[in-house]
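This report refers to the structure that appears directly beneath it.
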Ligand code: C5P
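Residue numbers (this note's numbering): 344 to 745.
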């Protein structure tokens, strides 16, 4: 598990009770092969001493922007250049606000502003502070600036509250950090992804559809390209620009999506059905706009083809991954779909939770396969996609080997 071999991780520690977990985090990052340097804010030093982190990291801890001696030894620009990735854990609400606003009022924010490396943060705060509109607005800004968001987790808090805002455990943070560097896992592998909703025409101007934004499928396409795959993205009607180096096929209806999928099966090692395909379509689509007259109007609906089930039972069957968007009994329903549709992997998604549902920027999922399951905590859809791709790649390779 040396995925951070030769990698230089700058660990930023800000002021919060979760700062004590930074000690364990240094160790776990080192387990993955990383060299770690630590930058602490002034508030962080109230919770854990620089000496502790210096002893564990084996490097001097950096605390001040305006300390001439420290700057002479390794200045803020050198630190910013040194880092292959900056991980801030815990990231307090105040730090998120300062980072979102591009402040450079201490060493850590200055390094973040000066670095070209990926920045990842592990938020940790009281649940009310996390839910506050200001923090959520800052989170949105950070996601839009491609900052990777690790967590936060849900559960009991040091202040006695229960809810979102707990920093993720050190082992999970180290794993997520390693995932940021996992490229080439799917070198030469052909991946076909369906994304977005479908539109089922009632007449030339009206249709039946759903709230799917396509963000998850597009983020997966991006992550698959980053992992070295050649990617075909079959997209329903969405307002998203294609990731670079992706072959995109635009479709409208489920039948068109089915056809495009079948046309591309010969060139597919892994199929990921992330689209929210309409289960039914009007039996007939009127040629002309239906005029209003009667008080009620009935539309007969007929079943659409189940695209992923057709893929999984095809003679040229690729490794097949489905999504189960559920509002109740998430794992139970996902498990039975995995079996019924004969899939290799199911990604179960609780769409009743508005924080991680259809149109949100974040998501949390449970990955289920025959004989196991793994929960990936809430994070941005981009970050989650990288973790998902690494799970998919691992199971795909295991399958290939058997
Ligand atoms: O049965 P359900 O719609 O919940 O299953 C979800 C999974 O099946 C998703 O991966 C979705 O893309 C796929 N699906 C499909 N064709 C359909 C319905 C769902 O490929 N007609």
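For glycine and all other residues, C-beta sits at the position ideal for the given N, C-alpha and C. All figures in this text were calculated on a predicted structure; none of them were measured in a lab.
>> Below 6 angstroms, is the gap between the Cβ of residue 693 and the nearest heavy atom of ligand 1?
In response: no
>> With DSSP as the reference, identify every bridge partner of residue 527, one or two as the case may be.
In response: In DSSP, residue 527 forms no bridge with anything.
> To the nearest angstrom, how far is it from the Cα of residue 476 to the Cα of residue 436?
Replying inline: 12 angstroms
> So does residue 415 have its beta carbon nearer than 6 angstroms to some heavy atom of ligand 1?
Replying inline: no
> Should residue 561 be listed as close to ligand 1, given that the test is whether its C-beta is under 6 angstroms from any heavy atom?
Replying inline: No heavy atom of ligand 1 is found nearer than 6 angstroms to the CB of residue 561.
>> I need the residues with a C-beta less than 5 angstroms from some heavy atom of ligand 1; please give them in chain order.
In response: 616, 618, 620, 647, 649, 650, 651, 665, 666
> Anyone know if the C-beta pair for residue 651 and residue 626 falls short of 7 angstroms?
Replying inline: Not a contact, by the Cβ cut-off of 7 angstroms.
>> I'd like to confirm the pairing. Which residues does DSSP put opposite residue 473 in its beta bridges?
In response: DSSP output for residue 473 lists no bridge partner at all.
>> Here's a check: name, in chain order, each residue in its chain whose Cβ is nearer than 8 angstroms to the Cβ of residue 731, leaving out the five neighbours to either side.
In response: Within the same chain, 563, 566, 690, 708, 710, 719 come within 8 angstroms of residue 731 by CB-CB distance, once the 5 residues on both sides are set aside.
> Does the segment 597-610 touch the segment 713-727, meaning 3 or more C-beta pairs lie closer than 8 angstroms?
Replying inline: no
> Among 714, 613, 658, 647, which has the Cα closest to the Cα of residue 743?
Replying inline: 613
>> What does the alpha-carbon distance come out to for the pair residue 442 and residue 449?
In response: 11 angstroms
> Which whole runs of the alpha helix (DSSP H) in the segment 404-471 are 4 residues long or more, in chain order?
Replying inline: Counting whole runs of 4 or more residues, the segment 404-471 contains the alpha helix (DSSP H) stretches 411-416, 419-425, 436-443, 450-457.
> Below 7 angstroms between beta carbons: does that hold for residue 440 and residue 510?
Replying inline: no
>> Counting C-beta neighbours from all protein chains within 10 Å, is the total for residue 481 16 or more, i.e. buried, or is it exposed?
In response: buried
> So, are the CB atoms of residue 358 and residue 384 less than 7 angstroms apart?
Replying inline: yes
> By Cβ distance below 8 angstroms, which residues in the same chain neighbour residue 363 in space, the five residues on each side in sequence not counted?
Replying inline: 390, 391
> Hey, which unbroken runs of the beta strand (DSSP E) at 3 residues or more fall wholly within the segment 688-725?
Replying inline: 688-693, 705-712, 715-723
> What is the DSSP secondary structure of residue 375, counted as helix, strand or coil?
Replying inline: coil
> Looking only at C-alpha atoms, which of 602, 642, 633 sits nearest to residue 653?
Replying inline: 602
> Roughly how many angstroms separate the alpha carbons of residue 769 and residue 670, rounded to a whole number?
Replying inline: Outside the displayed range of the chain (344 to 745) lies residue 769, so it cannot be described from this structure.
>> Using only the alpha-carbon positions, how far apart do residue 445 and residue 427 sit?
In response: 20 angstroms
> Tell me which same chain residues have a C-beta within less than 6 angstroms of the C-beta of residue 447, skipping the five on either side of it?
Replying inline: Hits under 6 angstroms: 453, 456.
>> List, from N- to C-terminal side, the beta strand (DSSP E) runs of 3 residues or more that fit wholly inside the segment 477-513.
In response: 496-499, 505-509
>> Tell me the rounded alpha-carbon separation between residue 616 and residue 543.
In response: 18 angstroms
>> Let me confirm a value: residue 531 is counted as buried when at least 16 other C-beta atoms fall within 10 Å, else exposed. Which label applies?
In response: exposed
>> Let me check understanding here. Comparing Cα to Cα, which of 369, 380, 360 lies closest to residue 351?
In response: 380
>> By the three-class DSSP mapping on this structure, what secondary structure does residue 573 have?
In response: strand
>> Please state the DSSP three-state secondary structure of residue 659.
In response: DSSP places residue 659 outside both helix and strand once states are collapsed to three, so it counts as coil.
> What did DSSP end up calling residue 614 once you bin it into helix, strand or coil?
Replying inline: strand
>> So the candidates are 382, 658, 438; which of them puts its Cα closest to the Cα of residue 420?
In response: Of the candidates 382, 658, 438, the residue whose Cα lies closest to the Cα of residue 420 is 382.
> Apart from the five residues on each side of it in sequence, which residues of its chain come closer than 7 angstroms, Cβ to Cβ, to residue 620?
Replying inline: 541, 597, 600, 647, 650
> Is the Cβ-Cβ distance between residue 588 and residue 576 less than 7 angstroms?
Replying inline: no
> Once you ignore the five residues that flank residue 607 on each side, which residues in its own chain have a CB closer than 8 angstroms to its CB?
Replying inline: 535, 575, 577, 592
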